[in-house]
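Novice: Just dropping this structure here.
Number of protein chains: 2
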Amino acid sequence: MPSPERAGQRAGQPTIADVAARAGVSLATVSRVMNGKRSVDESLAVRVRAAAEELNYSASPLARSLVLGKTNTVAVVVPDLGNPTFHGVLRGLSHGAGEQGYHVLIADSAESVTDERILAVETRRRCDGIVLVSPRMAEDDLQALLAELDPVVLVSRDAGASTTTPVVTADYEAGLRGLLDLLFDDGHRSMVFLSGNPQSASNVRRLAALDGFLRDRADVAIETLPCGVNFADGYDAADAVLATAATAVVAFNDLVAMGLLSALSERGVTVPQQLSVVGFDDIPFARYTTPPLTTAAVPVTELGEQAWRRMWRLLNREPAGEPLVFRPAIERRGTSAPPSPR
Amino acid sequence: MPSPERAGQRAGQPTIADVAARAGVSLATVSRVMNGKRSVDESLAVRVRAAAEELNYSASPLARSLVLGKTNTVAVVVPDLGNPTFHGVLRGLSHGAGEQGYHVLIADSAESVTDERILAVETRRRCDGIVLVSPRMAEDDLQALLAELDPVVLVSRDAGASTTTPVVTADYEAGLRGLLDLLFDDGHRSMVFLSGNPQSASNVRRLAALDGFLRDRADVAIETLPCGVNFADGYDAADAVLATAATAVVAFNDLVAMGLLSALSERGVTVPQQLSVVGFDDIPFARYTTPPLTTAAVPVTELGEQAWRRMWRLLNREPAGEPLVFRPAIERRGTSAPPSPR
DNA sequence: GTGAAAGCGCTAACAT
DNA sequence: ATGTTAGCGCTTTCAC
Numbered sequence: 001m002p003s004p005e006r007a008g009q010r011a012g013q014p015t016i017a018d019v020a021a022r023a024g025v026s027l028a029t030v031s032r033v034m035n036g037k038r039s040v041d042e043s044l045a046v047r048v049r050a051a052a053e054e055l056n057y058s059a060s061p062l063a064r065s066l067v068l069g070k071t072n073t074v075a076v077v078v079p080d081l082g083n084p085t086f087h088g089v090l091r092g093l094s095h096g097a098g099e100q101g102y103h104v105l106i107a108d109s110a111e112s113v114t115d116e117r118i119l120a121v122e123t124r125r126r127c128d129g130i131v132l133v134s135p136r137m138a139e140d141d142l143q144a145l146l147a148e149l150d151p152v153v154l155v156s157r158d159a160g161a162s163t164t165t166p167v168v169t170a171d172y173e174a175g176l177r178g179l180l181d182l183l184f185d186d187g188h189r190s191m192v193f194l195s196g197n198p199q200s201a202s203n204v205r206r207l208a209a210l211d212g213f214l215r216d217r218a219d220v221a222i223e224t225l226p227c228g229v230n231f232a233d234g235y236d237a238a239d240a241v242l243a244t245a246a247t248a249v250v251a252f253n254d255l256v257a258m259g260l261l262s263a264l265s266e267r268g269v270t271v272p273q274q275l276s277v278v279g280f281d282d283i284p285f286a287r288y289t290t291p292p293l294t295t296a297a298v299p300v301t302e303l304g305e306q307a308w309r310r311m312w313r314l315l316n317r318e319p320a321g322e323p324l325v326f327r328p329a330i331e332r333r334g335t336s337a338p339p340s341p342r
Numbered sequence: 001m002p003s004p005e006r007a008g009q010r011a012g013q014p015t016i017a018d019v020a021a022r023a024g025v026s027l028a029t030v031s032r033v034m035n036g037k038r039s040v041d042e043s044l045a046v047r048v049r050a051a052a053e054e055l056n057y058s059a060s061p062l063a064r065s066l067v068l069g070k071t072n073t074v075a076v077v078v079p080d081l082g083n084p085t086f087h088g089v090l091r092g093l094s095h096g097a098g099e100q101g102y103h104v105l106i107a108d109s110a111e112s113v114t115d116e117r118i119l120a121v122e123t124r125r126r127c128d129g130i131v132l133v134s135p136r137m138a139e140d141d142l143q144a145l146l147a148e149l150d151p152v153v154l155v156s157r158d159a160g161a162s163t164t165t166p167v168v169t170a171d172y173e174a175g176l177r178g179l180l181d182l183l184f185d186d187g188h189r190s191m192v193f194l195s196g197n198p199q200s201a202s203n204v205r206r207l208a209a210l211d212g213f214l215r216d217r218a219d220v221a222i223e224t225l226p227c228g229v230n231f232a233d234g235y236d237a238a239d240a241v242l243a244t245a246a247t248a249v250v251a252f253n254d255l256v257a258m259g260l261l262s263a264l265s266e267r268g269v270t271v272p273q274q275l276s277v278v279g280f281d282d283i284p285f286a287r288y289t290t291p292p293l294t295t296a297a298v299p300v301t302e303l304g305e306q307a308w309r310r311m312w313r314l315l316n317r318e319p320a321g322e323p324l325v326f327r328p329a330i331e332r333r334g335t336s337a338p339p340s341p342r
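Protein chains in written order, with full-length UniProt numbering: chain A, 1 to 342; chain B, 1 to 342.
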């Protein structure tokens, strides 16, 4: 090849051969020195290091990857980079991976569940493993994908039939139950649940919590309103919420809660006096709303860090261990209070 | 090599040789077919495609990258994945790159300016170009790094001495000036500026706007208070702000403004009645604070998209064009109003 | 139009 | 301890 330029390096990036020539040794020796193999005479090693230094040489990760069979890269596949929840995961993952000298590739499926599979499979070929955040994918499809992607760590949902796939998630059911109990203890008996995407695994868990709660508390009425997962969805739900007799609203997540809060404020509805509102996730902004948002805290950064740990084990062919399920901490803040007579 | 497993592929991933054998043709022919070269007999092509299909073959990106000299990957280097501003950039970039079949690598320097250079250089070897978001790096260091990283697109700051580096940024000076004018027109004559990191390029631009404004308006007093760039910084600045006689606060960014808002609310200080507060950036949450935050809108997603476009041109050895400087739109919302007599 | 062979930059047997 | 050599999986001359 004429090769005007090599991948990942500007024209003229020195190769191992350049170093070898300059140090007057073989390629193998350079390779050994660069990889810290002890079996090379110190005098040679010194020459090699000097030559490498002078040429500003560092081995091509590409070539190494090809021969070593590993890229030192993992990828994280998310449905929507716009969602603050994923930011935390990404950050935790990036930090963890970085500490171990791993790089991270991001793949945003832009909410398209259909493309997600293709994207994941394609991305998989460029790295050593996938951290999959795919709350919406149907269970069957997920199972097939898990096998194809191996090694893979699943975040924010359980692995269903797959017992081998490591999972790092939150107990959405317990979290929602905690929120419901909190509202109940405050005296609320009529509530609204603003539901997220029906496809979403975590929404299913929330619904399960609702069912369980209603079974335990016969004197409570909870109406489920289809809503969504974003600000705008919560904002748009305000009228529907106000049309009910509910004294408290359980939003699918903090985003929805904040959107709702915003719309309520515009309508002059005071929170928590006229209506209690609780969110879910405890995104960084939640404590800074006015009043601060009562919510169930999911430690997203830790989710990411732990996802990395599991991935790390997988990469080293160690057992990944039990599913890790964080129990959300109920953060009682300013948007919830006992109901006042309407 | 015994090679139990190749990079980016599970054990037994088919290679081009497998396909060639199955189709009864040479490697070269398979390569041609897979790459859509027209110069191969249709009957052979059909056989090859069938074989590839049956084996579920797709070419190793790694091997291709090595020989082709390109990885079809770009990296984005950011100082802090936790900052919402970067999320937008990342998203825009990811979408743009994805459309052109490029992948994106993220590198988070975790605020460490010293490691940033090393991280960037290391990351550079794994991709075809770098999108650099480095608001704090000193100009001299930046120039050196730019040369080493080439091709590189710079986001959210100007390229200083480098005339060849494409730049995508916002006009922070004009944005801040717009905010100051808005407050001035509302009648504010005593203000506080909550400054960000003094090292940061965009903070310097804001300070320049302040200077220019004060030169034009002799009757206005603006006190600059060192603050920071996060919620907590704004929150913690509340007392210092209240100790001044200012009727309006210009926060370094929305995060700071929101933190301040939160602390003010706790202290019973009403906004905008007792104090006007304006932010900068227009992060997604800004319009949902109570009251909604007056701010200067930086189109971060577009910044990311445009950064990709520039990168794309660079990768194709086209001139990247003029620096792209977005002028922030002043979003007048609820946190600013004429001052009331104290 | 098709195949043989060289080579991308590197590592790891396998010699010596 | 060091060098020689055979690949990793692919693309692309270069002959036919």
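All C-beta atoms in this analysis are idealised placements derived from N, C-alpha and C, irrespective of residue type, glycine included.
Keep in mind the model is a prediction, meaning the values are calculated, not measured.
On a CA-only basis, which of V241(B), V76(B), D18(B) and A218(B) is nearest L55(B)? Give me that one, please.
Specialist: Answer by Cα proximity: D18(B).
Novice: Out of curiosity, what's the CA-to-CA distance linking A52(A) and S58(A)?
Specialist: 7 Å
Novice: For the beta strand (DSSP E) that residue 343(B) lies in, which residues bound it at each end?
Specialist: With chain B running from 1 to 342 in the structure shown, residue 343(B) is simply not present.
Novice: Indicate the three-state DSSP secondary structure (helix, strand or coil) for A238(A) in the structure shown.
Specialist: helix
Novice: Measuring CB atoms only, is the region 69-77 of chain A touching the region 218-229 of chain A, in the sense that at least three cross pairs come out at less than 8 Å?
Specialist: no
Novice: Rounded to whole angstroms, what's the CA-CA distance from A320(B) to V168(B)? Just pull it up for me.
Specialist: 11 Å
Novice: On a CA-only basis, which of T163(A), Y288(A) and L68(A) is nearest L324(A)? Give me that one, please.
Specialist: L324(A) has its Cα closest to that of T163(A), out of T163(A), Y288(A) and L68(A).
Novice: Helix or strand or just coil, what does DSSP make of T290(A)?
Specialist: coil
Novice: Does any residue of chain A have a CB that is nearer than 8 Å to the CB of Y57(B)?
Specialist: no
Novice: Could you tell me the distance, in whole angstroms, from the CA atom of A218(B) to the CA atom of D141(B)?
Specialist: Approximately 38 Å between the Cα atoms of the pair.
Novice: Could you please give the first and the last residue of the uninterrupted alpha helix (DSSP H) stretch that includes G212(A)?
Specialist: From DSSP, the alpha helix (DSSP H) with G212(A) extends over A201 to D216.
Novice: For the region 142-155 of chain B, which residues have a beta carbon sitting closer than 7 Å to at least one beta carbon of chain A?
Specialist: D150
Novice: With the cut-off set at 8 Å, would you say V104(B) and A307(B) are in Cβ contact?
Specialist: no
Novice: Determine whether the Cβ of M191(A) lies closer than 8 Å to any Cβ atom of chain B.
Specialist: no
Novice: Please go through the same chain and pick out, in chain order, the residues whose beta-carbon is closer than 6 Å to the beta-carbon of F326(A), but skip the five residues on each side of it.
Specialist: Cβ within range, chain order: A170 and P299.
Novice: Under three-state DSSP, which class holds P226(A)?
Specialist: strand
Novice: Please classify T301(B): is it buried, with 16 or more other beta-carbons within 10 angstroms of its beta-carbon, or exposed?
Specialist: Classification of T301(B): buried, given that the 10 Å Cβ count is 16 or more.
Novice: Please give me, in chain order, every unbroken run of the beta strand (DSSP E) with length at least 3 that falls completely inside the region 53-139 of chain B.
Specialist: 73-78, 103-108 and 129-132
Novice: How about S3(B): is its C-beta nearer than 8 Å to some C-beta of chain A?
Specialist: Because S3(B) sits at a pLDDT of 40, beneath the cut-off of 50, its placement in the model cannot be relied upon, and the following sentence gives the value as read from the coordinates. Cβ-Cβ to chain A under 8 Å: yes for S3(B).
Novice: Below 8 Å between beta carbons is the criterion; list the residues of the region 245-274 of chain B that meet it against any residue of chain A, in chain order.
Specialist: M258, G259, L261, S262 and S265
Novice: Which residues, in chain order, does the region 96-112 of chain A contribute to contact with chain B at a C-beta distance below 8 Å?
Specialist: G98, H103, V104, L105, I106, A107, D108 and A110
Novice: By the criterion of Cβ-Cβ separation under 9 Å, what are the contact partners of G82(A) in chain B?
Specialist: Simply H87, G88, R91, P284 and T301.
Novice: D281(A) by DSSP, collapsed to three states: which one?
Specialist: strand
Novice: Is L154(B) helix, strand or coil by DSSP?
Specialist: strand
Novice: Distance cutoff 8 Å, beta carbons only. Does F231(A) sit that close to anything in chain B?
Specialist: yes
Novice: Between L194(B), R215(B) and A174(B), which lies nearest to D239(B) when the distance is taken from Cα to Cα?
Specialist: L194(B)
Novice: Assuming P84(A) contacts I283(A) under a Cβ cut-off of 8 Å, what Cβ separation, rounded to an integer in Å, is found between them?
Specialist: With 8 Å as the limit, P84(A) and I283(A) qualify as a contact, their Cβ atoms being about 4 Å apart.
Novice: Exposed or buried, which one is V46(A) when buried takes at least 16 other CB atoms within 10 Å?
Specialist: exposed
Novice: Pick out whichever of R49(B), I106(B), P341(B) and E305(B) has its Cα sitting closest to the Cα of V89(B).
Specialist: E305(B)
Novice: How about A320(A): is its C-beta nearer than 8 Å to some C-beta of chain B?
Specialist: no
Novice: Counting only beta-carbon separations shorter than 8 Å, does S31(B) have a partner in chain A?
Specialist: no
Novice: Count the other C-beta atoms from every protein chain shown that fall within 10 angstroms of the C-beta of L275(A), then say buried if there are 16 or more, exposed otherwise.
Specialist: buried
Novice: Using a Cβ-Cβ cut-off of 8 Å (strictly less than) and excluding sequence neighbours within five positions of R287(A), which residues of its own chain qualify?
Specialist: L293, E331 and R333
Novice: Could you give the distance in angstroms between the alpha-carbon of S336(B) and the alpha-carbon of N197(A)?
Specialist: 36 Å
Novice: Quick one: Cα of T165(A) to Cα of E148(B), how far?
Specialist: 41 Å
Novice: Going by DSSP, name the residue or residues bridged to L324(B).
Specialist: V168(B)
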